[in-house]
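Residue numbers (the numbering used here): 178 to 562.
Set out below in structure tokens:
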């Protein structure tokens with residue numbers, strides 16, 4: 178696999194740069210052809226199901242507008258000092274979905290989305306820091322990036338803005354990216370990108386869940402499994418002189434009860450996390466097929482289409498424990514028989530499956546049924562014939 182790391186190995190990148198320090202990779206994608214034009218971005222930004230934003234800057238004043246936009250919103254923009262951003266472009270442009278496979282040396286469960294931004298000269302979203310790892314791929318045009326390692330907490334931001342912009346940005350490094358260059362940024366590094374001319378930048382983001390988010394989701398599900406008719410019991414209560422005192426014995430008992438109630442085995446926690454991290458994002462859904470297919474109907478369609486695509490709305494992951502392989506798709510757990518264990522790395526390792534790739538496996542009992550079930554779930558689909 179050719180990695181977009183300028184000849185660096187994945188191991189060296191992960192050891193020296195990942196979550197540690199920025200890296201500029203010149204000509205990382207030498208044959209890169211941007212899959213979208215500014216006009217096509219404008220068209221996407223007018224669609225209801227596409228998340229889009231426009232950020233305008235005028236002499237230090239900032240304005241955020243959220244889509245979907247009307248054509249007049251776009252044609253009335255000034256000549257400079259604005260940026261159009263389209264979130265989750267991988268769901269709408271197949272080439273952006275495939276672009277993510279250039280980074281397959283990183284785990285799927287950390288991958289968030291591909292965002293695309295277009296800005297004319299002086300367009301920027303302001304100096305800010307993100308809480309996730311990102312690969313900024315330069316498309317057509319040039320963009321100047323200034324970096325800083327200064328603090329960027331709530332107290333350092335311009336107050337009252339709907340976007341996070343650092344009030345007093347002091348650049349420490351500066352790079353100009355040209356088409357095919359990549360800038361990797363770990364979390365917390367302040368960066369300020371400004372277009373030097375009409376320019377498109379593609380962001381491949383890797384978001385880590387907040388520990389508070391993990392704890393809240395884990396506790397919520399664990400509590401939902403508890404018996405609501407089981408109560409604290411104190412048959413061994415002792416008489417006391419001070420009724421307002423909660424004794425050390427009682428406090429210890431409450432601690433033990435709570436720890437027991439929230440405690441799950443390692444295997445259960447593993448399965449919960451795999452389901453949680455592969456689940457569909459809140460507010461999103463899997464597009465269902467127009468009609469459910471039987472296995473025979475599915476195979477007939479596969480033969481007609483010649484290939485199968487994994488939906489960008491579904492996250493695929495798997496774990497191996499106690500000799501079993503568990504596949505997770507859109508939060509659903511699918512235990513795989515030993516003969517079907519190959520399906521987990523196959524389906525979660527790529528996004529397009531030619532019929533020549535699938536044919537050798539279709540004779541394995543259960544594989545065609547597995548694919549049919551995933552199709553009916555909306556997790557895989559046939560390209561338009």
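Backbone N, C-alpha and C define an ideal beta-carbon position, used for all residues, glycine too.
A quick note: this is a predicted structure, and the numbers were derived from the prediction, not measured.
### Message
Going by DSSP, what residue range makes up the alpha helix (DSSP H) through residue 219?
### Response
215-222
### Query
Exposed or buried, which one is residue 310 when buried takes at least 16 other CB atoms within 10 Å?
buried
### Message
Spatial neighbours of residue 364 within its chain, please: C-beta separation below 8 Å, excluding the five flanking residues on both sides.
### Response
196, 306, 307, 308, 309, 310 and 385
### Spatial distance of residue 327 from residue 246 (CA atoms)
35 Å
### Query
Between residue 522 and the rest of its own chain, which residues show a CB-CB distance below 8 Å, the 5 nearest in sequence each way excluded?
495, listed in sequence order.
### Message
Comparing C-alpha positions only, which one of 374, 557, 436 and 226 sits nearest to residue 177?
### Response
Outside the displayed span of the chain (178 to 562) sits residue 177, for which this structure offers no information.
### Task
Can you check DSSP and say which residues form a bridge with residue 243?
230
### Query
Does DSSP put residue 537 in a helix, in a strand, or in coil?
Note: residue 537 maps to helix in three-state DSSP.
### Query
How many angstroms separate the CA atom of residue 227 from the CA atom of residue 241?
16 Å
### Message
Can you confirm whether the stretch 244-263 touches the stretch 207-223 when touching is taken to mean that 3 or more C-beta pairs between the two stretches lie within less than 8 Å?
### Response
yes
#### Entry: Residue nearest to residue 325 in terms of C-alpha spacing, selected from 422, 331, 352 and 274
352
### Query
How many angstroms separate the CA atom of residue 420 from the CA atom of residue 410?
18 Å
### Task
For residue 439, write down the residues that DSSP places opposite it in a beta bridge.
DSSP output for residue 439 lists no bridge partner at all.
### Message
Taking the beta carbon of residue 234 as the centre, do at least 16 other beta carbons fall within 10 Å, making it buried, or is it exposed?
### Response
buried
### Query
Is the beta carbon of residue 291 sitting closer than 8 Å to the one on residue 276?
With a cutoff of 8 Å on beta-carbon distance, residue 291 and residue 276 are scored as near each other.
### Message
Is the separation between the beta-carbon of residue 376 and that of residue 319 shorter than 8 Å?
### Response
yes
### Query
Helix or strand or just coil, what does DSSP make of residue 347?
coil
### Message
If distances are taken between C-alpha atoms only, which option among 261, 340 and 181 comes closest to residue 204?
### Response
181
### Task
Can you say whether residue 408 is buried or exposed, counting buried as having 16 or more other CB atoms within 10 angstroms of its CB?
exposed
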